[in-house]
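Quick note on the numbering used here: the sequence shown kicks off at 16 and runs consecutively. Some notes on the structure that comes next.
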Amino acid sequence: MLIAIPKLPGEAPGARVDHSGVSPQIEILANDLATLMQERRALQQQVANTRREILYRLALAAELKDGDTADHIERIGVMAAHLARLAGLPVSFSALLRHAAPMHDVGKIGIPDSILKKPGPLTEEEWVVMRTHPTVGSEILSGSGIALLDLAAEVALTHHERFDGGGYPRRLKGQTIPLAGRIVSIVDFFDALTMDRCYREARPFQEVLDAIAADSGTRFDPDLVRIFLAHAADFMRLKAASEAGDRTRAKLLTAT
Ligand SMILES: [Fe+2]
Ligand SMILES: [Fe+2]
16 MLIAIPKLPG EAPGARVDHS GVSPQIEILA NDLATLMQER RALQQQVANT
66 RREILYRLAL AAELKDGDTA DHIERIGVMA AHLARLAGLP VSFSALLRHA
116 APMHDVGKIG IPDSILKKPG PLTEEEWVVM RTHPTVGSEI LSGSGIALLD
166 LAAEVALTHH ERFDGGGYPR RLKGQTIPLA GRIVSIVDFF DALTMDRCYR
216 EARPFQEVLD AIAADSGTRF DPDLVRIFLA HAADFMRLKA ASEAGDRTRA
266 KLLTAT
């Protein structure tokens with residue numbers, strides 16, 4: 016690959032320049048350097064893609080164990096990123112959340128099937144076990160120092176906290192709950208309740224939207240609820256597109 020040799024100071028833009036004095040070795044070195052830089056960028060992109068793909072498959076393993084579908088975790092990523100953008104958060108954050116949010120339930124890998132797939136209500140003892148999944152998920156994901164994994168760990172740990180302090184595992188309250196956890200809490204509730212589970216059927220959109228409104232300020236961040244409800248049509252469209260079989264990641268992303 017050839018690169019343009021920079022003009023010298025004082026050379027007019029677009030002027031024909033005689034580079035015949037440039038040593039051939041310098042030109043070879045410059046071209047080698049350009050090739051190396053291009054390969055380095057491609058490698059960095061490959062590493063980032065691999066990291067995201069491994070995380071996605073880890074989340075998939077947890078969701079399939081829970082009896083959910085790949086569509087659910089895919090939608091959670093897209094919906095969380097969309098809500099983050101609607102809330103005015105930077106693209107850099109929403110892009111990271113897009114890939115971190117699907118990890119929210121990765122800790123369910125550590126929950127026995129007898130509890131996870133129980134077709135009826137859980138006993139209090141079983142709930143104690145179930146409520147460990149945020150901590151388990153955080154332990155799986157934290158400590159790497161990689162931004163995407165750190166955010167995924169934060170989401171896993173905080174997606175069941177409640178705005179009024181009545182959630183789990185740490186009973187965090189209000190703004191002390193990380194924003195990513197508050198965002199995922201709403202979109203996970205919306206998506207989970209509007210799909211069939213082994214223990215109940217999907218609820219109608221309006222019923223779930225009313226439930227979110229009713230839980231504003233108690234379960235959910237009221238500011239985020241206001242934004243979510245103002246753009247409820249977007250989230251229903253995403254869900255409908257996914258259920259209509261329009262399930263590729265690219266299609267869902269362009270739907271936001
Ligand atoms: Fe969860
Ligand atoms: Fe979920």
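Positions of the beta carbon are idealized from the N, C-alpha and C atoms, including for glycine.
Given a threshold of 16 other Cβ atoms within 10 Å of its Cβ, counted over all protein chains shown, does residue i qualify as buried or as exposed?
{"i": "LEU48", "result": "exposed"}
{"i": "GLY158", "result": "exposed"}
{"i": "THR65", "result": "exposed"}
{"i": "THR209", "result": "buried"}
{"i": "ILE126", "result": "buried"}
{"i": "LYS254", "result": "buried"}
{"i": "LEU70", "result": "buried"}
{"i": "VAL121", "result": "buried"}
{"i": "PRO149", "result": "buried"}
{"i": "PRO105", "result": "exposed"}
{"i": "SER129", "result": "exposed"}
{"i": "ARG215", "result": "exposed"}
{"i": "PRO219", "result": "exposed"}
{"i": "ILE155", "result": "buried"}
{"i": "GLU139", "result": "exposed"}
{"i": "GLU78", "result": "buried"}
{"i": "MET118", "result": "buried"}
{"i": "ALA74", "result": "buried"}
{"i": "ALA245", "result": "exposed"}
Where do the ends of the alpha helix (DSSP H) carrying residue i lie?
{"i": "ASP225", "result": "220 to 229"}
{"i": "PRO193", "result": "Per DSSP, PRO193 belongs to no alpha helix (DSSP H) and is neither H nor E."}
{"i": "LEU166", "result": "162 to 173"}
{"i": "THR150", "result": "148 to 156"}
{"i": "PHE250", "result": "247 to 258"}
{"i": "GLU140", "result": "139 to 145"}
Could you tell me which residues DSSP puts in a beta bridge with residue i?
{"i": "ARG212", "result": "ARG215"}
{"i": "PHE235", "result": "SER231"}
So that I know if they touch, is there some Cβ in chain C lying closer than 9 Å to that of residue i?
{"i": "GLY160", "result": "Here there is only one protein chain, and chain C is not present."}
task = Decide yes or no for the touch test of the stretch 195 to 207 against the stretch 89 to 97: beta carbon pairs closer than 8 Å, at least 3 of them.
result = yes
ask   = Along the chain, which unbroken stretches of the alpha helix (DSSP H) at least 4 residues long are found entirely within the stretch 40 to 127?
value = 85 to 101, 106 to 115
query = Can we say the stretch 163 to 172 touches the stretch 59 to 73, given the rule of at least three CB pairs closer than 8 Å?
reply = yes
ask   = Hey, is the stretch 231 to 242 in contact with the stretch 166 to 181, meaning 3+ C-beta pairs nearer than 8 Å?
value = yes
message = For the pair the stretch 213 to 229 and the stretch 240 to 254, tell me if three or more CB-CB distances fall below 8 Å.
response = yes
message = Tell me whether the stretch 100 to 120 and the stretch 45 to 61 touch, counting them as touching only if at least three CB pairs, one residue from each stretch, are closer than 8 Å.
response = no
task = Determine, using beta-carbon pairs with one atom in the stretch 135 to 154 and one in the stretch 183 to 190, whether at least three such pairs fall under 8 Å.
result = yes
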